[in-house]
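So the structure is just underneath, and the comments pick up after that.
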Amino acid sequence: RDTTWPYQCFGCFVFKPSAKKKKTLSLADHFIHGCEGAENSEKRFKLCQDLWDQIKTDTEVLQDELNRNILDSLLDFTRKCSSTRQHSDWASQMRASEIPTAALVLGVNVPDHDMTFQSLSDLLQQSVTPYVASVQAKECGALKHLIKRVLERLMGTVVTVDDEEEEEAEQTSAQHHKSVHCSLSTLCDWYNTKTKKSNTGTPGKKRSSPVRDGPQQPPVVIIFKDLEAFNPRVLQDFILICSRYIERLPLMFIFGIATSPSTIQHLLPHSVSSLLCIELFQSLSCTQHLATVIDKLILTKQFPFKLNGKVMQVLISIFLYHDFSVRKFIKGIQLALLEHFHSQPLSVLCCKKKEALLNVMQLDHLDLERIRHLLSFKRYVEKQEPREQVDLLTDDTHLKEVCQKLIKDLHKYHKNYYPILRCLHTLTSSLPRYPLGKQIRELHLICLEKNVWESEDYQSAMKLLKMLAKDELIALLQRCAEILQPAKSKKIKSALVQLEDMLTKFKQLDSNITSPLKHLQKKTDLAQLQKTLLEMNESRRAKKLSPFEVLRNEALEFIDSLVKSHLSPPESQVLNEVCYYTSSATVRRHLNATPRTSIQAALNSPFYYLQNDRLKTEDGTVSNAAPDICIAYATVVSAAEGNDPDSDNFGKVDEVKHARFIRAVSELEFLGFIKSTKQKTDHVARLTWGGC
Amino acid sequence: IKHFQTTITCNYPSIFIYGHRASGKSHVMHVLLKELELPHATVSCVECVSVALLFEQVLLSFFGCDAASLLPRSASLSDFVRIYRQQCSQSPAKQTRYIVMEKAELLRDTDANLLPALLRLQELVEDNVTIILLSEIVWDKFRPNTGCFEPLLLHFPDYSKGELHTILSQDRHPSYSDEFYSSYINILLGVFYSVCRDLRELRHLAALNFSKFCEPLEEGKVKETDTHKLWRNIEPHLKKAMQTVYLREVSSVQWEQMQQTEEKENGALRGLSAHTHVELPYYSKFLLIAAYLASYNPARTDKRFFLKHHGKIRKTNFLKKNEKTSNHLLGPKPFPLDRLLAIFYSVVDSRVAPTASIFSQISSLVTLQLLTQVSHDDQLDAPKYKCAVSMDFICAISRTVNFEIVKYLYDFL
Numbered sequence: 001r002d003t004t005w006p007y008q009c010f011g012c013f014v015f016k017p018s019a020k021k022k023k024t025l026s027l028a029d030h031f032i033h034g035c036e037g038a039e040n041s042e043k044r045f046k047l048c049q050d051l052w053d054q055i056k057t058d059t060e061v062l063q064d065e066l067n068r069n070i071l072d073s074l075l076d077f078t079r080k081c082s083s084t085r086q087h088s089d090w091a092s093q094m095r096a097s098e099i100p101t102a103a104l105v106l107g108v109n110v111p112d113h114d115m116t117f118q119s120l121s122d123l124l125q126q127s128v129t130p131y132v133a134s135v136q137a138k139e140c141g142a143l144k145h146l147i148k149r150v151l152e153r154l155m156g157t158v159v160t161v162d163d164e165e166e167e168e169a170e171q172t173s174a175q176h177h178k179s180v181h182c183s184l185s186t187l188c189d190w191y192n193t194k195t196k197k198s199n200t201g202t203p204g205k206k207r208s209s210p211v212r213d214g215p216q217q218p219p220v221v222i223i224f225k226d227l228e229a230f231n232p233r234v235l236q237d238f239i240l241i242c243s244r245y246i247e248r249l250p251l252m253f254i255f256g257i258a259t260s261p262s263t264i265q266h267l268l269p270h271s272v273s274s275l276l277c278i279e280l281f282q283s284l285s286c287t288q289h290l291a292t293v294i295d296k297l298i299l300t301k302q303f304p305f306k307l308n309g310k311v312m313q314v315l316i317s318i319f320l321y322h323d324f325s326v327r328k329f330i331k332g333i334q335l336a337l338l339e340h341f342h343s344q345p346l347s348v349l350c351c352k353k354k355e356a357l358l359n360v361m362q363l364d365h366l367d368l369e370r371i372r373h374l375l376s377f378k379r380y381v382e383k384q385e386p387r388e389q390v391d392l393l394t395d396d397t398h399l400k401e402v403c404q405k406l407i408k409d410l411h412k413y414h415k416n417y418y419p420i421l422r423c424l425h426t427l428t429s430s431l432p433r434y435p436l437g438k439q440i441r442e443l444h445l446i447c448l449e450k451n452v453w454e455s456e457d458y459q460s461a462m463k464l465l466k467m468l469a470k471d472e473l474i475a476l477l478q479r480c481a482e483i484l485q486p487a488k489s490k491k492i493k494s495a496l497v498q499l500e501d502m503l504t505k506f507k508q509l510d511s512n513i514t515s516p517l518k519h520l521q522k523k524t525d526l527a528q529l530q531k532t533l534l535e536m537n538e539s540r541r542a543k544k545l546s547p548f549e550v551l552r553n554e555a556l557e558f559i560d561s562l563v564k565s566h567l568s569p570p571e572s573q574v575l576n577e578v579c580y581y582t583s584s585a586t587v588r589r590h591l592n593a594t595p596r597t598s599i600q601a602a603l604n605s606p607f608y609y610l611q612n613d614r615l616k617t618e619d620g621t622v623s624n625a626a627p628d629i630c631i632a633y634a635t636v637v638s639a640a641e642g643n644d645p646d647s648d649n650f651g652k653v654d655e656v657k658h659a660r661f662i663r664a665v666s667e668l669e670f671l672g673f674i675k676s677t678k679q680k681t682d683h684v685a686r687l688t689w690g691g692c
Numbered sequence: 001i002k003h004f005q006t007t008i009t010c011n012y013p014s015i016f017i018y019g020h021r022a023s024g025k026s027h028v029m030h031v032l033l034k035e036l037e038l039p040h041a042t043v044s045c046v047e048c049v050s051v052a053l054l055f056e057q058v059l060l061s062f063f064g065c066d067a068a069s070l071l072p073r074s075a076s077l078s079d080f081v082r083i084y085r086q087q088c089s090q091s092p093a094k095q096t097r098y099i100v101m102e103k104a105e106l107l108r109d110t111d112a113n114l115l116p117a118l119l120r121l122q123e124l125v126e127d128n129v130t131i132i133l134l135s136e137i138v139w140d141k142f143r144p145n146t147g148c149f150e151p152l153l154l155h156f157p158d159y160s161k162g163e164l165h166t167i168l169s170q171d172r173h174p175s176y177s178d179e180f181y182s183s184y185i186n187i188l189l190g191v192f193y194s195v196c197r198d199l200r201e202l203r204h205l206a207a208l209n210f211s212k213f214c215e216p217l218e219e220g221k222v223k224e225t226d227t228h229k230l231w232r233n234i235e236p237h238l239k240k241a242m243q244t245v246y247l248r249e250v251s252s253v254q255w256e257q258m259q260q261t262e263e264k265e266n267g268a269l270r271g272l273s274a275h276t277h278v279e280l281p282y283y284s285k286f287l288l289i290a291a292y293l294a295s296y297n298p299a300r301t302d303k304r305f306f307l308k309h310h311g312k313i314r315k316t317n318f319l320k321k322n323e324k325t326s327n328h329l330l331g332p333k334p335f336p337l338d339r340l341l342a343i344f345y346s347v348v349d350s351r352v353a354p355t356a357s358i359f360s361q362i363s364s365l366v367t368l369q370l371l372t373q374v375s376h377d378d379q380l381d382a383p384k385y386k387c388a389v390s391m392d393f394i395c396a397i398s399r400t401v402n403f404e405i406v407k408y409l410y411d412f413l
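Order-wise, the sequence lines are chains P and B. Just so you know, the first sequence maps onto residues 1 to 692 in UniProt numbering. Just so you know, the second sequence maps onto residues 1 to 413 in UniProt numbering.
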């Protein structure tokens, strides 16, 4: 996102994980330098890199898939437009003066759009037309710049804008190409020569598309990436110009819209928009997009690297509260990944099962000591027999064996966790008022935090499930069975068998038992009806359960047992520290920077940033050795509290001190903490906005 | 229309022609100059992003590309005059040359000396040349302060109903007879003439609805001559078109598709303006709400709305001011960033750290044109904004976050 706000200049955003990732040796060095447990750091770096590459390709594939629908329809649109142009029937002739326009509504997550547009223009170039130009608002402040960009991108030459006297541009244009004039007629001429050439010169090249009669005319597509940000005047003029050339040049527009299609009407007056033939395309909403990404990246055993509940919460809340940007979400995962491998020496075990088992054998004494210090491992040891405890704490080879077993267990846990999570979600996601959340990520968060079955929401969800009608319940269980189908682990398989058993029983109920209600329909007289109703009521009071109810309770108990055995939070698993990244504070600090808070921290406790312990003080006051600005800040804060507008502590002092004081004050003013009141000389007011 | 011909040939230095949109100015000029085989250059002023481009196009069409290439980079008016003279001494004009400038109103925004100079170009270049300016605006709005040569004024009146009928009937469908199409146009004008006299729009509508008109004919139910039945068939249709197509809410292609599917689902297509729902991140919604409140509430009332213990401000005292006119009638007022943030922090239900992304959200709201920055871009210190969304929009937004905005609006107290 563009930001004009100055505070972002304060370097808290500098951490750029992607910069570290490129495959150069220096990056590995960079990674290894200063990381915990340097012995196996190279291995960890490699693991980290592999994992990230995999995640990256996966997300790209995912993104392509998600965009496929809309891209396909856009491609169809362009094809159709270019073909109708060549038709000569009456209706399309009457329409020929309109510029076909696709309004592509993408949602407000502007940073994500780049990728979509990139793949869109790639696809267009591959399959429809070689002439695609995309423009952004910020490079097109004036009409001539817009035309210039369009021409440059289409023709691949340098275009001169007359009154702009840029020596460099002139030189390069003299060197490379002959400069062309910045007008659409130039483009028109260029297009004509191009299409003629390609028709006569290389006939084989374009024969892939069905041969049409008449000269083939691939459309010229201009993509406006961010329609809202364009200057309306510029856009209007450009469209007016284009419409003058539409007969000679098969132009086509694609508008990227972030808000709503009605912005077109706000931007363009009727006289201009009537020159366009607008068709609307709506892309997937970003929340759906995120849901898919989470589904494919997080809720899968495929990636050994995991996030704990808090980190997930941070990432998701950044997404929902701040930017709706899936790209940033993935960047967040990347950051966590990098941090995990960088700071956790045992992350060498965070990989595929086979590799992890191998790596266990190669652990040295130091690493094993680290394992012994893990919280989860300590808890595990405490539960063992005293003899075993001693062995675990002293015998390295024994520990390695146990570790292998534990790693296996951890993998098994993941294998079972996700299918069961999905089952529980399908069961609960359609309940009224969503006790366990509408989205699977909410349920996942609950499960990461604590034992889900102990929560009140879970209890109420179970109660609601008991109230479901039979066919609804059967449908839900059916879907659960489908989810469990592809799972390979033994436990899940047996669970599936049980579930299918129950389903068949449910179905048998249908055939055996005709419900009492069916009798009701036959009887029409009132007395009888009352009687049967009373009977039914009594039978219910007597807690005599119908076979359906029995079976239902059985099914729900079965689900409950599955949940209890497989959905325990990862913290309860031994060695979970290997796979789970837990430092939510780091992620938050890096991704959601608070520049002002950091400045205040710097002013309040300078030792933190200057890394000088002498500046530390016991009672939290600022030491005398601190920089002037810190002292001045402390004075201002206390002055505001004590209602004493100026700090006279300095009293009558020598000139150097006075100058230092003045400088500190002006620095504070520059940072925006105080401002001159202009009421009385030497008085300043503390700025209070932001409440920080 | 043809009587303009005489005035055209009379060799006046400049002619100014005005008339409404689509009253046939350019077309007449074009046809006329073509028919009489007069040397002419047609330039659209929208297209000429710089004057140099304008000069180049004129030279190009009079003297060929050699002359145009003589123009230096960033050519000035004098360059143009110099080269023009040079060229026309080489190839003196046998007839009057004409320069037709469309959308001439844009010339007013260029250099102050350009328009007066063009008006007397004949004297400057000493050649038999006439400038023809075409515009939708009357000449009175053109006249520069310094005064200039008065061009010959010509007005193109709007077409009458009869004229429109004749013109529209000309682009008839090849497979139908003249009379049939003409009767169709008659019906069309009957419906639309009262709301729209723009030739281009009418043409658009005629093209769109014709296939529907022909439908009963193709099914063999009626004969071409049975206009009454045809009228009965098409009329409700045109009425519907009037609601949607006229404002181009629905594009022509969509309209056609709709006509095909209409029988089944009764036209569920929504126009562009129907899509107003915008998804926003949670805090962006609150920022927008805060901005709306800051724009429509007087600053002095903030204390009353956003402080829990605002003391006893008596209602009479609070409302007594002569602010009878609704703030919503006056439109949004600018507010400083500090006020926006102060309201934001008190409106949002949880504690929010002033993170960088909050600030970047404000600027992205500006790029999305939901807020507008009022102060200049250079002013980093205390930028001012205005809220640019409608009441309906903000109500919809507040509903999604369970915020009762009406309670916080001064106008609705």
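For every residue, glycine included, the Cβ atom is placed at its ideal position computed from N, Cα and C.
Proximity of residue i and residue j at Cβ, strictly below 7 Å
| i | j | result |
| --- | --- | --- |
| P:A137 | P:F230 | yes |
| P:R567 | P:I420 | It should be noted that the sequence gives Leu, not Arg, for residue 567 of chain P. Yes, Cβ-Cβ distance for P:L567 and P:I420 is below 7 Å. |
| P:K368 | P:D391 | The sequence shown places Leu at residue 368 of chain P, not Lys. No. |
| P:S494 | P:K415 | no |
Boundaries of the beta strand (DSSP E) in which residue i is found, first to last residue
| i | result |
| --- | --- |
| P:P100 | I99 to V105 |
| B:C387 | K384 to C387 |
| B:F393 | From DSSP, B:F393 is part of no beta strand (DSSP E) but of the alpha helix (DSSP H) over M391 to T400. |
| P:L320 | From DSSP, P:L320 is part of no beta strand (DSSP E); its letter is neither H nor E. |
| P:M115 | Looking at the DSSP string, P:M115 is not in any beta strand (DSSP E); the run it does join, the alpha helix (DSSP H), is V110 to S127. |
As assigned by DSSP and simplified to three states, the class of residue i
| i | result |
| --- | --- |
| B:N376 | The amino acid at residue 376 of chain B is misidentified as Asn; the sequence shows His. It is coil, neither helix nor strand. |
| P:R79 | helix |
| B:R97 | strand |
| P:Q282 | strand |
| P:F670 | helix |
| B:D411 | helix |
| B:H328 | helix |
| B:L153 | strand |
| B:Y18 | strand |
| B:I405 | helix |
Cross-chain neighbours of residue i in chain B, by beta carbon under 8 Å
| i | result |
| --- | --- |
| P:T292 | Ordered by position in chain B, no residue passes the 8 Å Cβ test against P:T292, which lies about 16 Å from the chain. |
| P:E228 | T367, L368 and Q369 |
| P:D72 | Ordered by position in chain B, no residue passes the 8 Å Cβ test against P:D72, which lies about 17 Å from the chain. |
Interface partners of residue i on chain P, CB under 7 Å
| i | result |
| --- | --- |
| residue 421 of chain B | Any property of residue 421 of chain B remains undetermined from this structure, which presents chain B solely from 1 to 413. |
| B:T355 | N592, A593 and T594 |
Boundaries of the alpha helix (DSSP H) in which residue i is found, first to last residue
| i | result |
| --- | --- |
| P:V360 | K353 to M361 |
| B:F180 | D178 to F192 |
| P:M462 | E456 to K466 |
| B:S135 | B:S135 -> not in any alpha helix (DSSP H); beta strand (DSSP E) instead, spanning V129 to S135. |
Where residue i meets chain B, residues with beta-carbon distance less than 9 Å
| i | result |
| --- | --- |
| P:V110 | S364, T367 and L368 |
Ignoring anything shorter than 4 residues, give me the alpha helix (DSSP H) runs that lie fully in the stretch 541-616 of chain P, in order along the chain.
547-566, 576-579, 584-591, 595-604 and 606-610
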